[in-house]
Amino acid sequence: MVDQQVSRWPYLPVLLRPEYLYNAIHDLQELLGSMRTCPTGADRKWHEKVLCFLGAQVSDLEWERNIERIELSLQIAQQFMKGKDVAERIRKHEKLWIQYRQIPLSKQGKHAKVISLLDDRGASMAMDEYLSSVEKLANSDGLANVVTAYWKSIGDPEIKDKELASRTTQEWFKRRGYKWKVIKKGIYKDGNEQPDVMDYCDNIYLP
């Protein structure tokens with residue numbers, strides 16, 4: 094869940110901004126320094142761009158230069174030999190990191206695009222929360238609804254209108270080593286209420 098103040102990012106009072114920036118930088122540096130969860134390839138480059146953008150904002154606040162976000166993001170994009178489109182994407186990714194601690198993974202070069210979206214850190218966290226809450230009662234439809242709701246909540250134009258199919262969820266579960274099974278519940282039925290028994294009692298058996 095996103096707290097009320099951070100949900101307003103980047104439109105926060107100047108005095109509140111440094112804390113969120115410092116925490117975001119700390120967490121992003123930890124992720125990039127992790128041997129287990131560090132993103133690779135193009136995904137790492139996007140994380141690095143966001144880290145540079147966060148650092149540029151901290152410097153801007155410390156020196157009280159009051160440079161606009163758009164200009165700062167464009168400066169970062171130009172450092173990577175990119176232009177306005179990348180600058181806009183940096184701002185979107187930065188907002189997602191501040192609010193959700195996740196940056197959408199690149200779908201370039203992946204065969205199963207929707208499956209790659211499920212590998213996203215935020216989506217994985219949403220699924221883990223669902224599994225923890227329902228445990229053995231988990232089902233593919235429920236999991237699909239949780240992920241779809243998460244995609245809509247983050248506001249990313251590339252995925253906000255997507256809906257996850259339960260069949261795709263089952264495929265993702267297989268990749269993680271889970272196995273689906275039907276839990277059958279025992280149902281007791283009184284034999285005295287069966288039609289043939291009742292007919293015998295009413296018309297044949299005489300006490």
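Once you know that position 133 of the sequence shown is 226 in the numbering used here, the rest is easy, because the numbers rise by one and skip nothing. Glycine included, C-beta positions come from ideal geometry on N, C-alpha and C. Only a predicted model underlies this, so the values are computations on that prediction, with no experimental measurement involved.
With respect to the C-alpha of L144, the residue from E112, R214, I118 having the closest C-alpha is I118. If you look at V107, you'll find it isn't in any alpha helix (DSSP H); DSSP assigns it neither H nor E.
For Q150 and L230, the gap between their C-alpha atoms comes out near 45 Å.
Around the beta-carbon of M128, fewer than 16 other beta-carbon atoms lie within 10 Å, marking it exposed.
Annotation note: the stretch 216–240 contains no uninterrupted beta strand (DSSP E) run of length 3 or greater.
Judged by their CB atoms, H186 and K142 are nearer to each other than the 9 Å cut-off. Excluding five sequence positions before and after I183, the CB atoms of its chain that fall closer than 7 Å to its own CB belong to K142, V143, F146, S166, I169, A170, given in chain order. In the three-state reduction of the DSSP assignment, W102 falls in the coil class, being assigned neither a helical nor a strand state.
I183 sits in a helix when the DSSP states are folded into three classes. In the three-state DSSP reduction, N116 falls in the helix class (H, G or I).
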